[in-house]
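The next block holds one structure in the form of structure tokens; read it before the comments.
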Amino acid sequence: MKNKEIIVKVGKKVELEREKKGLSREKFADEVGLSRMQVYRIEEGKSNPTLDTLLEICRVLDIKITELLEFNNS
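This is the structure we're talking about:
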């Protein structure tokens, strides 16, 4: 799997988990410490978040980073 594909899949998982928690993009961005546009870019696979950002996202979503990075190759 190419890096871009991974970035897109991680972004989709962030969006899915955020929506499962019932968090608006704005509220989620505030809790993670990012702008709403940064969250949008991550969720759309247009931004490659740092490890620190991913860890903070996981903290806010109350998931393990392994859950965020685990996906099928399809």
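Using the numbering used here, the first residue of the sequence shown is number 108, and each one after it goes up by one. Where a beta carbon is used, it is the ideal one built from N, C-alpha and C, also for glycine. As the structure is a prediction and not an experimental result, all values here were calculated from the model.
Query: Does leucine 176 get closer than 9 Å to chain C when you measure Cβ to Cβ?; Result: Absence of chain C from the displayed structure is noted, only one protein chain being present.
Query: Need the endpoints of the alpha helix (DSSP H) that leucine 175 sits in, please.; Result: 172-176
Query: Of the choices Lys153, Val146, Asn155 and Ser154, whose alpha-carbon is the least far from that of valine 167?; Result: Val146
Query: Is lysine 153 helix, strand or coil when you go by DSSP?; Result: coil
Query: Suppose you measure from the CA of arginine 148 to the CA of glutamate 138; what does that come to, to the nearest Å?; Result: 16 Å
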